[in-house]
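Okay, structure first, notes after.
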Amino acid sequence: MSHELDVETLFDEWAIEDGAVDMAREHWARVEPVLSALESSEGRYLEIGPGNGYALEYIARSKFAKGYVRAVELSQEMANMSATRVQDLDNVDIDVGSFLSWHAPAGMQFDLIFSMEVFYYFEDIAAAIEKAARLLAPGGELIVMVDYYEESEDSRDWSQELGVKLTRWPQNRYLDAFKAAGLQSVKQEIKSGGVQEFGLTVCTRGRKPSKPVHD
Numbered sequence: 045m046s047h048e049l050d051v052e053t054l055f056d057e058w059a060i061e062d063g064a065v066d067m068a069r070e071h072w073a074r075v076e077p078v079l080s081a082l083e084s085s086e087g088r089y090l091e092i093g094p095g096n097g098y099a100l101e102y103i104a105r106s107k108f109a110k111g112y113v114r115a116v117e118l119s120q121e122m123a124n125m126s127a128t129r130v131q132d133l134d135n136v137d138i139d140v141g142s143f144l145s146w147h148a149p150a151g152m153q154f155d156l157i158f159s160m161e162v163f164y165y166f167e168d169i170a171a172a173i174e175k176a177a178r179l180l181a182p183g184g185e186l187i188v189m190v191d192y193y194e195e196s197e198d199s200r201d202w203s204q205e206l207g208v209k210l211t212r213w214p215q216n217r218y219l220d221a222f223k224a225a226g227l228q229s230v231k232q233e234i235k236s237g238g239v240q241e242f243g244l245t246v247c248t249r250g251r252k253p254s255k256p257v258h259d
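Residue numbers (our numbering): 45 to 259.
What follows is the structure, given as structure tokens:
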């Protein structure tokens, strides 16, 4: 079984078991402060791995209610739940498949790209960051949040427990990868919250230059 199929199967199982409700509740406690602080936009939003759609729905109904929202989800079962949440909205599209092999509609760029608890499932995190950075519109922002990283003792055994290969980067490697992808104003924040997960979430964010950068 391929790595992507392992991950897809895992997320399908979580969706079928309980709709990933507990997972979403724990994640939202850390995601909400980040997303609620955003300014409203009439631009384009992309979410990588929306899961059951808890953040996607919030964005589509509030911050990007006058904009356009798109998501890429590897798990068909998770995508189905996301679609149910936003079925009454006409500004949302959800694609099923791997982000690394996904192609945005011709010429489409995004003003915000967001992901929570997805990037360490990629075998090549740097390639995923580089692709996301290329998809940003000038001045657009990339926000990547992860709980699985080298400094986190609480998540140390996740790969073995889940039976899925995970990529364990230190915090500063995310910073370096954002900068290597050409993003500016790169910074990190540590987020906590929820009642069942005791580890901390690293939130890395950076912006694509508004104007081309010349050497």
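Don't be surprised by glycine CBs; every beta carbon is placed ideally from N, CA and C.
Considering only DSSP beta bridges, list what residue i is partnered with.
i	result
Q228	R251
Y89	V113 and L156
In or out: residue i buried (at least 16 other Cβ within 10 Å) or exposed?
i	result
S159	buried
N96	buried
D191	buried
A123	buried
M125	buried
D155	buried
S46	exposed
D259	For D259, the pLDDT reaches just 48, beneath the cut-off of 50, and the residue's location in the model is therefore unreliable, leaving the point undetermined.
S106	exposed
E197	exposed
L186	buried
A221	buried
M152	exposed
P182	exposed
K255	exposed
Round the Cβ separation of residue i and residue j to the nearest angstrom and send it over; I've been treating them as touching at under 8 Å.
i	j	result
G111	E86	5 Å
Y164	R212	7 Å
W146	D137	W146 to D137, Cβ: 12 Å. No contact.
Under 8 Å, with one C-beta from each stretch per pair, do the region 222-236 and the region 169-186 reach the 3-pair mark?
Judged by Cβ distances under 8 Å, the region 222-236 makes contact with the region 169-186, as three or more pairs qualify.
Which parts of the region 141-199 are runs of the alpha helix (DSSP H), unbroken and 4 residues or longer, counting only runs that do not cross its ends?
169-179
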